[in-house]
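Visitor:
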Amino acid sequence: EAGVTQFPSHSVIEKGQTVTLRCDPISGHDNLYWYRRVMGKEIKFLLHFVKESKQDESGMPNNRFLAERTGGTYSTLKVQPAELEDSGVYFCASSQVGQGGTEAFFGQGTRLTVV
Amino acid sequence: GENVEQHPSTLSVQEGDSAVIKCTYSDSASNYFPWYKQELGKGPQLIIDIRSNVGEKKDQRIAVTLNKTAKHFSLHITETQPEDSAVYFCAASGGNNRLAFGKGNQVVVIP
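As you go down the protein sequences, you meet chains A and B in turn.
Just so we're aligned: the first sequence equals residues 80 to 194 in the numbering used here.
Just so we're aligned: the second sequence equals residues 102 to 212 in the numbering used here.
What follows is the structure, given as structure tokens:
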């Protein structure tokens, strides 16, 4: 069974440009999460989808970030326009519903560098 | 919200010795505590977890203990091997399904 996959693995963009990150969760997982780790700091929650609905987006930094999950399958996270402080590693995770916990499985991450 | 502190930030151990990483959490409503291992170039991998209704869980060379009263939990790795070298993250979660992570701990196993 394929794990959580993210694309691209690395992206370098200039300040002001737009970048779109993609996440394919484990098949059958209704929960999809985005997290971000800025260098030297902890991994921080961004948002949570249940199927195509945003369950919790309280961790999104500002309105330059837009996440979608059309059809309840893969998800995209768009940053527009990117700023220097957006640099970091963006992780996607997925989990099944109803396991009684949040046994989340993570992708390899997308390292975003804004210059 | 939940705040998770992780200590120490780095840990070096001789191969064969034990390693212990400790975490504290702030929200007494948290009831799920996973540990993740991240190797270079890879994403965090779930290695063990514990729920608030038990105090200890073991899986081969790794074990996790939970003290709900003191709000801390620990990861224990026995008979460490070079492949145990990685960054380890603790996390805590309550009913909202979001994980609050510690800052991570770099474990280096010296052959």
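Here a beta-carbon is modelled for each residue, glycine too, at the ideal position from N, C-alpha and C.
Are at least three pairs of beta-carbons, each pair with one atom in the segment 123-137 of chain B and one in the segment 185-199 of chain B, less than 8 angstroms apart?
Guide: yes
Visitor: Among the candidates B:Val114, B:Gln107, B:Ile149, B:Glu103, whose CA atom is the shortest distance from the CA of Ser127 of chain B?
Guide: B:Glu103
Visitor: Which same chain residues end up closer than 8 angstroms to Ala183 of chain A when comparing Cβ atoms and leaving out the 5 residues on each side of it in sequence?
Guide: Asn110, Tyr112, Ala172, Ser173, Ser174
Visitor: Identify each residue in the segment 152-175 of chain A for which the Cβ-Cβ distance to at least one residue of chain B is less than 7 angstroms, and report them in chain order.
Guide: Phe170
Visitor: Could you name the residues of chain A that Phe190 of chain B contacts, counting a contact when the two beta carbons are closer than 9 angstroms?
Guide: Glu121, Ile122
Visitor: Buried or exposed: Pro212 of chain B, going by 16 or more other Cβ atoms within 10 Å of its Cβ?
Guide: exposed
Visitor: Whole angstroms are fine: how far does the CA of Thr125 of chain B sit from the CA of Phe190 of chain B?
Guide: When rounded, the distance between both Cα atoms is 12 angstroms.
Visitor: Put Glu131 of chain A into one of helix, strand or coil per three-state DSSP.
Guide: coil
Visitor: Does the Cβ-Cβ distance between Leu145 of chain A and Gln134 of chain A come in under 9 angstroms?
Guide: For Leu145 of chain A and Gln134 of chain A, no; Cβs fall outside 9 angstroms.
Visitor: Could you name the residues that DSSP lists as bridge partners for Asn110 of chain A?
Guide: Answer by DSSP bridge pairing, in chain order: A:Val129, A:Ser174.
Visitor: Anything in chain B within Cβ reach of Gly150 of chain A, meaning under 8 angstroms, just list it in chain order.
Guide: Those within 8 angstroms of Gly150 of chain A in chain B number zero; the least Cβ separation is about 21 angstroms.
Visitor: Roughly how many angstroms lie between the CA atoms of Glu162 of chain A and Lys94 of chain A, to the nearest whole one?
Guide: Cα-Cα distance, rounded: 5 angstroms.
Visitor: Going straight from the alpha carbon of Gly186 of chain A to that of Phe128 of chain A, what length do you get?
Guide: 16 angstroms
Visitor: Take Ser90 of chain A and list the residues in its own chain whose beta-carbon comes closer than 6 angstroms to its own, dropping the five residues that flank it on each side.
Guide: Result list for Ser90 of chain A: Val98, Leu191, in chain order.
Visitor: Let me see if you follow: with CB-CB separation under 9 angstroms, is Gly117 of chain B close to chain D or not?
Guide: Absence of chain D from the displayed structure is noted, the protein chains being A and B.
Visitor: Give me the residue from A:Val117, A:Thr84, A:Leu125 with the minimum Cα distance to Ile105 of chain A.
Guide: A:Thr84
Visitor: Helix, strand or coil, according to DSSP, for Pro135 of chain B in the structure here?
Guide: strand
Visitor: In whole angstroms, what is the alpha-carbon distance linking Asp118 of chain B and Leu176 of chain B?
Guide: 14 angstroms
Visitor: State yes or no: is the beta carbon of Asn110 of chain A nearer than 9 angstroms to at least one beta carbon in chain B?
Guide: yes
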